[in-house]
Amino acid sequence: MTLDAALAELIAAGDSGAAQERVLRTLVAEGVFVPVHQDGSLYHLQHRDGTAALQICATAEAVQHVEGASDTFFADALRLMEVVREVGARRLIVTGSDGWRFVLPAEHLFRTVSEHGIPGAGQLLRLTWSTHPLAVALRDSVFRRLREFPDVHCVWVSWARWLDTGHEQLMVHMAVGDQLPSAAAKRLMAVLLSEEITLGDADPSVTMLALHRVTHADAIADLDRMALDTVRIDHSTGRIELLSREFDDPAAAEAARRALDDQRQRDGWPSPEQVREAHAQQPRRRWWQRS
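The opening residue of the sequence shown carries number 32 in this note's numbering; numbering runs sequentially from there.
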């Protein structure tokens, strides 16, 4: 189904939850066209409450219905999330080729990517072990909380690079026993990001992808072969294990940290000193550290 067709179905259905979900899933799978002004600047609206709304189009032709826009560029789901973050958009105004418009909360885009992933993108994804402080904090937080979630059996934390777009972020994979989209994985991720870790503006983004332990057995076996930070539990005995190259080979951990420092300098990430200073200035914020 095209995004145009999904949007028309949504409007005809009177904004049903199922139709809205189809719009979001199609948007993530197919991508959108983002209008720009003549000078190339992004086209977005400012609401009376001060929040921004990003205009997006189902097709390139739909830009004719966006007053003041002169051109568009194509954005897949990852690029669109970057644009949403860039303008601080709270809403997405989706315009179809026939001029119909519908408003979606921007947070629903992130939720859909987190719960369902991006179709086909896994073939272009490179996962590597990471010593980024946020990756370590996620790993340790999972170890502390995993016993509370009997439907989650294993968690991998990695640094992800999307080879087709160059987008980089932290990735949390979860092997689950409940039906996808996994409610257990969603609850665990919510606990991690609300009770254990508070993300700062300069932090890398974090995406979670749940895998069914039977349906996705091959993908789970591939993750196990990558030597990523892994937290695994046997819920029948309560035995939990934490696997990391940091413990197996301190020299490898140190080499990874040096590589991370080099990347931090190239990409302008905050230094450890800046991190500590930011934390000191905001004592009630837990950032990467435990509370």
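Even glycine gets a Cβ: it sits at the ideal position worked out from N, Cα and C.
Taking the alpha-carbon positions, what's the residue i to residue j distance?
i      : j      : result
THR261 : LEU201 : 14 angstroms
VAL237 : VAL173 : 14 angstroms
LEU76  : ALA83  : 6 angstroms
ASP255 : LEU158 : 12 angstroms
HIS184 : ARG176 : 12 angstroms
GLU138 : THR33  : 22 angstroms
VAL54  : LEU38  : 6 angstroms
ASP209 : PRO235 : 29 angstroms
ILE228 : ASP279 : 26 angstroms
GLN182 : GLU277 : Reading off the sequence, residue 182 comes out as Asp, not Gln. Using only the alpha carbons, I get a separation of about 27 angstroms.
LEU111 : HIS198 : 11 angstroms
ARG116 : THR90  : 22 angstroms
GLN95  : ALA258 : 50 angstroms
ARG192 : HIS204 : 14 angstroms
TRP190 : VAL207 : 21 angstroms
ILE42  : ILE124 : 13 angstroms
LYS217 : THR143 : 11 angstroms
GLU226 : GLY71  : 41 angstroms
GLN154 : ARG79  : Model confidence at GLN154 stands at a pLDDT of 47, short of 50, so the residue's coordinates are unreliable; what they give is reported in the following sentence. For GLN154 and ARG79, the distance between alpha carbons rounds to 43 angstroms.
LEU135 : ALA120 : 11 angstroms
ASP107 : VAL63  : 6 angstroms
THR69  : GLU272 : According to the sequence provided, residue 69 is Gln. The question's Thr does not apply to it. Each residue's Cα considered, the two are about 56 angstroms apart.
GLY81  : PRO164 : 33 angstroms
GLU40  : HIS243 : 30 angstroms
LEU230 : GLU52  : 27 angstroms
SER267 : ALA93  : 55 angstroms
ASP265 : TRP160 : 23 angstroms
ASP253 : ARG122 : 37 angstroms
GLY48  : GLY99  : 32 angstroms
PHE133 : VAL118 : 19 angstroms
Between which two residues does the beta strand (DSSP E) holding residue i run?
i      : result
PHE174 : Per DSSP, PHE174 belongs to no beta strand (DSSP E); it is in the alpha helix (DSSP H), 164-176.
ARG263 : 260-265
GLU92  : Note, GLU92: premise wrong, no beta strand (DSSP E); not H, not E.
ILE271 : 270-274
ASP102 : 102-106
LEU240 : 237-243
Please identify the residue among the options whose C-alpha is closest to the C-alpha of residue i.
i      : options                        : result
THR126 : GLN86, THR268, ARG192          : GLN86
MET239 : GLU61, ALA106, ASP129, VAL222  : VAL222
THR57  : TRP190, ALA214, LEU140, HIS204 : LEU140
VAL167 : ILE251, GLU179, VAL186         : VAL186
GLU326 : GLY48, HIS247, CYS88, GLU40    : Residue 326 is absent from the structure shown; the chain starts at 32 and stops at 322.
ILE251 : MET220, VAL188, LYS217, GLY231 : VAL188
ARG178 : ALA215, VAL97, PRO164          : ALA215
ARG170 : ARG142, GLY231, PHE133, ARG263 : ARG263
GLU113 : LEU73, SER213, PRO212          : LEU73
SER128 : ASP107, VAL97, LEU219          : VAL97
TRP131 : SER267, LEU230, ALA36, HIS266  : ALA36
LEU109 : ALA93, VAL59, ASP253           : VAL59
Should residue i be labelled buried (16 or more other beta-carbon atoms within 10 Å of its own) or exposed?
i      : result
SER275 : buried
PRO66  : buried
VAL245 : exposed
GLU101 : Correcting the residue identity first, residue 101 is Ser in this sequence and not Glu. That one is exposed.
THR162 : buried
ALA50  : buried
ARG270 : exposed
ARG307 : Low local confidence applies: a pLDDT of 42 at ARG307 is under 50, so the model's placement there is unreliable, and no value is given.
PHE105 : exposed
GLU233 : For the sequence presented, residue 233 should be read as Ala rather than Glu. The residue is exposed, with fewer than 16 neighbouring Cβ atoms inside 10 Å.
THR103 : buried
ALA152 : Residue placement at ALA152 is flagged as unreliable, the pLDDT there being 46, under the threshold of 50; a coordinate-derived value is accordingly withheld.
How many whole angstroms separate the CB atoms of residue i and residue j, which I take to be in contact at a CB cut-off of 8 angstroms?
i      : j      : result
PRO212 : ALA248 : Actually they do not touch by this definition, with Cβ atoms about 18 angstroms apart.
PHE180 : LEU224 : Not a contact, Cβ separation roughly 14 angstroms.
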